[in-house]
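Presented below is the structure to which this report refers.
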Amino acid sequence: MRLKLGLVLAPLILGLFSCGSPRTIRDENTVEFWTMQLQPTFNPYFNELIAEFEEEYPQQQVRWIDIPWAAMEARIVTSVSAQTAPDLVNLNPRFAALLAGRNAWLDLDEYISEEVRSQYLEAIWDASRFDGTSFGIPWYLTTRITIYNQEIFQEAGIDSPPQTYEELAQVAQQVREETGKYAFFVTFSPNDSGEVLESLVQMGVELLNEDGSAAFNSPEGVAAFDYWRELYQEGWLPRDVLTQGHQRAIELYQGGELALVTTGPQFFQTIANNAPDIAAVSQPAPQISGDTGKIAVAVMNLLIPRDTVNPEGAIAFALFLTNPENQLAFSQVANTLPSTQDTLEHEYFQTGGDNATPMDEARVISAQQLERAEVLVPPRSNVNQLQAILYDNLQATLLGEKTVEEALADAEEEWNAIALP
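In my numbering, the protein residues as written are 777 to 1197.
Right, here's the structure in full:
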């Protein structure tokens, strides 16, 4: 594809437009394709891509339907149960794994050769495996970066942004004591961001054993829980981290009340639109990690329901959509990262150019992180319960209702009662 538009990713999150309605009649010559909140911003991109696909595969037609983000999970569960699912659907691995546990997806290892699979980043492809079976084709990716406010750092006497959680604790204390503001905001709300859950892995915590039982009640688990307990009880985190989600971090950063925020590179455009004065003093830095050096990546993939009557057409379109050329075009349109190695080696991801903006620099930092990025939380059908159990017990330690040891023991008992037969 040759289409390159100066757009950003925000509509992927904020748009609420939908076009068309799910089908009730199956057609072996039509690929019904569901995405999440891509219309109308990305209509030009997809209209051209679909036209090119249909020219190359004249026996196939693509029917593109966009579903609001909040409605997708319920819609896909209902359609899979009723055997009226689309031929191809855009989901993240965490929710897709829920249905993989119910045998909802086509076994892609039976249709896609190892040669084709090897075009994708290995760790990213493996993020869409369940019980050793490939259930998803990777599409676009994001890795968190740190965006920091230079003025607050200068006021606090800090020369450079933190790269480790140990350094983050020092920055949190110094910013609070020197400026009266907070360094950062991370949510402990069970149903929101998984950043804290990922931080445990980055600090060296093994979440689960091979049999699915709890492995987190360990010396590493104690150290990680104690880390977050100390930051909260010392007053270096806002009190509402227990109740507010990641959106609160964005609001506080744009309001000049946070020294840094962890988010995607595309957030630079949001800051420029909503808080130009803050954007003018903002700079990018790599993702904060623990002693493991692990980098978290978010994956959006493509899945084919097992009951499709058009698996060949669905696979052909999925591979066309995610080939290196089309991944480059979408990355440039949406400010995301590609899942194919050839695309990642393009100069667009290697350098910001002579007149690089902070967002250009952020893109390069984000792309470089993919070399060691992985999905840190295993794709399991009940992973949301794992997060809720750990967050609930972690909250109890922050509030002083339980010791760290009591919280981990309770979490272990609660999880094993769910995970083990």
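Cβ coordinates follow ideal geometry from the N, Cα and C atoms, glycine included.
Query, Result
"Helix, strand or coil at M1076 according to DSSP, with G and I counted as helix", "strand"
"Helix, strand or coil at M979 according to DSSP, with G and I counted as helix", "coil"
"For T1112, the three-state DSSP class (helix, strand or coil)", "coil"
"Nonlocal neighbours in the same chain, by C-beta distance under 7 Å from L1079, ignoring five residues either side", "V865, L867, A872, W881, F911 and G912"
"Assigned secondary structure, F1125 (DSSP; H/G/I helix, E/B strand, else coil)", "helix"
"Rounded straight-line distance, which links the Cα of W840 to that of Y833", "16 Å"
"Reference E927; option with closest CA among P816, M848, G1021 and I1054", "I1054"
"Exposure label - E1182; buried when at least 16 CB within 10 Å", "exposed"
"Assumed close pair S965, Q895 - CB separation to whole angstroms, cut-off 8 Å", "Not a contact, Cβ separation roughly 38 Å."
"Stretch pair the segment 1136 to 1143 + the segment 1039 to 1046: three plus CB contacts closer than 8 Å", "yes"
"Alpha-carbon to alpha-carbon, F829 and N819", "15 Å"
"Given 8 Å, three or more beta-carbon pairs between the segment 887 to 894 and the segment 850 to 865", "no"
"Bridge partner(s) assigned by DSSP for V838", "V807"
"Check whether E1124 and S1107 have beta carbons under 9 Å apart", "One detail in the question is off: residue 1124 reads as Tyr in this sequence, not Glu. Contact: yes."
"Alpha-carbon to alpha-carbon, E1101 and M812", "22 Å"
"Opposing strand residues paired with Y916 [DSSP bridges]", "Looking at the DSSP assignment, Y916 forms no beta bridge with any residue, so it has no partner."
"Beta-carbon proximity check, T919 vs L1113, cutoff 9 Å", "yes"
"Residue-level contact to chain D via CB, Q895, 9 Å cutoff", "Chain labels in this structure do not include chain D; a single protein chain is all it has."
"Check whether E1116 and Q1103 have beta carbons under 9 Å apart", "Checking the displayed sequence, the identity of residue 1116 turns out to be Thr instead of Glu. For T1116 and Q1103, yes; Cβs fall inside 9 Å."
"For A899, the first and last residue of its enclosing alpha helix (DSSP H)", "E898 to D902"
"T955, buried or exposed, once every other Cβ within 10 Å from all chains shown has been counted against 16", "buried"
"Cα-Cα separation between A945 and S857, rounded to whole angstroms", "47 Å"
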